[in-house]
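Mapped onto our numbering, the consecutive letters of the sequence shown carry residue numbers 3 to 92.
Just so you know, even glycine gets a beta-carbon here, dropped at the ideal spot from N, CA and C.
Structure, as structure tokens:
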Amino acid sequence: MKRLLLSMLAVASLLGAPGAQAGDARPMAEDPQVEARLISISEELRCLVCQNESLAASRAELAQDLRREVRSQIQAGKTDAEIRDYLVSR
């Protein structure tokens with residue numbers, strides 16, 4: 003239930019943002035560790051557009067934008083908990 007709430011709040015904060023389809027997306031970070039963390043975090047969150055899919059698996063434009071935001075936070079040195087808190091606060 004908490005994960006669903008976290009993902010709903012995170013996705014709601016970024017509605018309408020443009021993006022690409024996740025299934026066709028190439029890793030955007032040059033650091034494989036960043037991508038591994040991105041996948042780990044985004045697998046815990048649910049996409050609000052495709053509620054039966056994780057943020058990692060969703061092909062929705064909104065999911066792509068949220069993955070970009072998570073990647074940016076990782077590159078900024080934030081912890082996983084700080085990233086989740088950031089998404090919820092927005």
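State the Cα-Cα distance for the pair residue 60 and residue 71, rounded to the nearest angstrom. Looking up residue 60 in the sequence shown gives position 58. Looking up residue 71 in the sequence shown gives position 69. C-alpha separation (whole angstroms): 15 Å.
I'd like to confirm the pairing. Which residues does DSSP put opposite residue 56 in its beta bridges? The residue you call residue 56 lines up with position 54 of the sequence shown. DSSP, once it has assigned bridges, lists 48 as partnering residue 56.
Locate the alpha helix (DSSP H) running through residue 65, then write down its first and last residues. Walking along the sequence shown from the start, residue 65 turns up at place 63. Taken as a continuous stretch (DSSP letters only), the alpha helix (DSSP H) holding residue 65 covers 63-77.
Same chain, Cβ closer than 8 Å to residue 24, five either side skipped, listed in chain order: Along the sequence shown, read from residue 1 onward, the residue named residue 24 stands at position 22. For residue 24, the predicted model reports a pLDDT of 46, less than 50, meaning its position is unreliable; a value from the coordinates is still stated below. Same-chain partners within the cutoff: 58, 59, 60, 61, 62, 65, 66 and 69.
Is it the case that the Cβ atoms of residue 85 and residue 77 are separated by a distance below 8 Å? If you number the sequence shown from 1, residue 85 lands on position 83. If you number the sequence shown from 1, residue 77 lands on position 75. Going by C-beta atoms, residue 85 is not nearer than 8 Å to residue 77.
Identify the continuous alpha helix (DSSP H) that holds residue 84 and give its terminal residues. Translated into the one-based positions of the sequence shown, residue 84 becomes position 82. Run containing residue 84: 82-91, per the alpha helix (DSSP H) assignment.
Given a cut-off of 8 Å, decide if residue 44 and residue 56 are closer than it, judged by their beta-carbon atoms. Looking up residue 56 in the sequence shown gives position 54. Looking up residue 44 in the sequence shown gives position 42. In this structure, residue 44 lies closer than 8 Å to residue 56 by Cβ.
Assuming contact is defined by CB atoms lying nearer than 8 Å, are residue 73 and residue 40 in contact in what I supplied? What you label residue 73 is simply residue 71 of the sequence shown in a count that begins at 1. What you label residue 40 is simply residue 38 of the sequence shown in a count that begins at 1. Their beta carbons are under 8 Å apart, which means residue 73 touches residue 40 by this criterion.
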